[in-house]
Amino acid sequence: MNYTQKMLRDDALRGKNIVVTGGGSGLGKAMTKYFLELGAQVGITSRNIEKLQNTVKELEGETGGKCFAIQCDVRHYDQVEAMRDEAVSKMGSVDVLLNNAAGNFISPTERLSANAFDTIIDIVLKGSKNCTLAFGKHWIDQEEKDKTILNIVTTYAWTGSAYVVPSATAKAGVLAMTRSLAVEWAKYGIRSNAIAPGPFPTKGAWDRLLPGDLKEKFDLAKKVPLKRVGEHQELANLAAYLVSDFSAYVNGEVITIDGGEWLKGAGQFNILEQIPEELWDQLEQMIKSKGKK
Ligand code: HXC
Ligand code: NAP
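Just so we're aligned: the sequence shown equals residues 1059 to 1351 in the numbering used here.
See the structure below:
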């Protein structure tokens, strides 16, 4: 099975102009690369302009597409409005906002300062809200239609998770915003959807969530029923579909792409996976014989 194949036909995103927050690294960069390959123009934005410019150079060289670097800290609404205006002036218009920028680290919650908690909420929830509001207001004011907002959340947006509480709190808010606006802004021709990825190794996430030898101690692939982590192209395929016209009737959805990881933690008897095949015969006999007494 070749799950790293590129899914959509060439030119599937030709004519689309896309803004990817946090597009200079990790999953944002992987999605940007595929969007460029499919013919879209992409504006990538984050705090570090040098990193963005290097990514633009690399991806334009690899894909022959048109990519723009725009500096912006999504925590500040004035910067987000300026980023939107620059994206519109460079690309002519914007069709898709991909809220991908995030901050995260592991910590027992009682060890966090109020500012540490705020920092994550500000990047993830307030940042996604700032971008959504700035682009949404613009599209509605200009009466532009056929727009898409795609938010990157996580599966712990609905399960919650210990030791990443600010991130879980913020991602839950982003998910609520996705579903709420899917209904409210549909009348303006704006769709809202989300992707909840399971483990997709990136430097940004792994250095902060599995520092030091935690990478070896906690092999995340073992938590996944499919026994592997995700490939960036798999996520890029899903994102490309969700920002393309092929998904025009998908609205308010969160699509999980995690190899079954979160459900494995949720099902009460999933732990029985540890029982070897031979033991099942004995167990069946024991249960059946009890039923006969
Ligand atoms: C406790 C910490 C901390 C830590 C920072 N702080 N790191 N507290 N444990 N490990 C505290 C600081 O002491 C400070 O509080 C406050 O947080 C802000 O820290 P700064 O370093 O000043 O913030 P800033 O420079 O804005 O950097 C933000 C950041 C950083 C989030 C802390 O890590 C960052 O830039 N991250 C961006 C990329 C990222 O995180 N990517 C991973 C996404 S992965 P005080 O009180 O001292 O001022 C992801 C995956 C989820 O979301 C699912 C995976 C399976
Ligand atoms: P990453 O490479 O660290 O990406 C995070 C990006 O956000 C960086 O490019 C960073 O760029 C940008 N960013 C951080 N703070 C910002 C701010 N204040 N303003 C603007 N941009 C900011 O990590 P990743 O793994 O690719 O994560 C991408 C997304 O996937 C995130 O939403 C994450 O929660 C989600 N996710 C990842 C995984 C996984 O396994 N990797 C799993 C579930 C969900 P700068 O530092 O230049 O600002």
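Each residue gets a CB set at the ideal place from its N, CA and C atoms; glycine is no exception.
What you are looking at is a predicted structure, and each value in this text was computed from that prediction instead of being measured.
- Message: Whole angstroms are fine: how far does the CA of T1212 sit from the CA of Y1061?
- Response: 21 Å
- Query: Is any heavy atom of ligand 1 found at a distance shorter than 6 Å from the C-beta of P1257?
  - Reply: Yes.
- Item | Start and end residues, alpha helix (DSSP H) containing A1297 | 1290–1301
- Message: If you reduce the DSSP assignment to three classes, tell me which class R1266 lands in.
- Response: In the structure shown, the three-state DSSP call for R1266 is helix.
- Let me know the beta strand (DSSP E) ranges lying completely inside the stretch 1121–1191, each 3 residues or longer, listed in chain order. 1124–1129, 1154–1157
- Just checking my contact of I1210 with P1255 at CB under 8 Å: how many whole Å lie between their CB atoms? 7 Å
- P1257, DSSP secondary structure in three states: Three-state result, P1257: coil.
- Item | According to DSSP, residues forming a beta bridge with L1208 | L1156, N1251
- Query: Can you tell me where the beta strand (DSSP E) with S1104 in it begins and where it stops?
  - Reply: 1099–1104
- Item | Assigned exposure category for A1234 - 16 Cβ within 10 Å defines buried | Under this definition A1234 is an exposed residue.
- Task: Report the rounded CA-to-CA distance for R1105 versus A1324, giving the unit in angstroms.
- Result: 37 Å
- Helix, strand or coil for N1060, going by three-state DSSP, please let me know. coil
- Task: Taking only the alpha-carbon atoms, compute the straight-line gap between P1257 and G1161 and give it to the nearest angstrom.
- Result: Cα to Cα, the separation comes out at about 16 Å.
- Item | Beta-ladder partner(s) of I1315, from DSSP | I1315 is bridged to P1255.
- V1241: first and last residue of the uninterrupted beta strand (DSSP E) it sits in: Counting along the chain, V1241 falls outside any beta strand (DSSP E), though it belongs to the alpha helix (DSSP H) covering 1223–1242.
- Say whether the stretch 1300–1314 touches the stretch 1067–1075, bearing in mind that this needs 3 or more beta-carbon pairs closer than 8 Å, one atom from each stretch. Enough Cβ pairs lie closer than 8 Å, so yes.
- contact_flag[the stretch 1330–1342, the stretch 1261–1268] where n(CB pairs < 8 Å) is 3 or more: Look at the beta carbons and you see the stretch 1330–1342 not touching the stretch 1261–1268: under three pairs across the two are nearer than 8 Å.
- Query: Where G1086 and M1059 are concerned, what is the direct C-alpha to C-alpha distance, given to the nearest angstrom?
  - Reply: 25 Å
- Given a threshold of 16 other Cβ atoms within 10 Å of its Cβ, counted over all protein chains shown, does E1168 qualify as buried or as exposed? exposed
- Count the C-beta pairs between the stretch 1262–1277 and the stretch 1181–1190 that are closer than 8 Å, then say yes if the count reaches three, no if not. no
- Can you have a look at P1166 and say buried or exposed, based on whether 16 or more other CB atoms are within 10 angstroms of its CB? Around the Cβ of P1166, a 10 Å sphere holds fewer than 16 other Cβ atoms; the residue is exposed.
- Item | Rounded separation between D1265 and I1164 - CA only | 10 Å
- Query: Exposed or buried, what is L1156 when buried is set at 16 or more other beta-carbons lying within 10 Å of its beta-carbon?
  - Reply: buried
- Task: Pick helix, strand or coil for N1112, following the three-state DSSP scheme.
- Result: Three-state result, N1112: helix.
- Straight-line CA distance for V1312 to N1251? Rounded to the nearest angstrom, the two C-alpha atoms are 6 Å apart.
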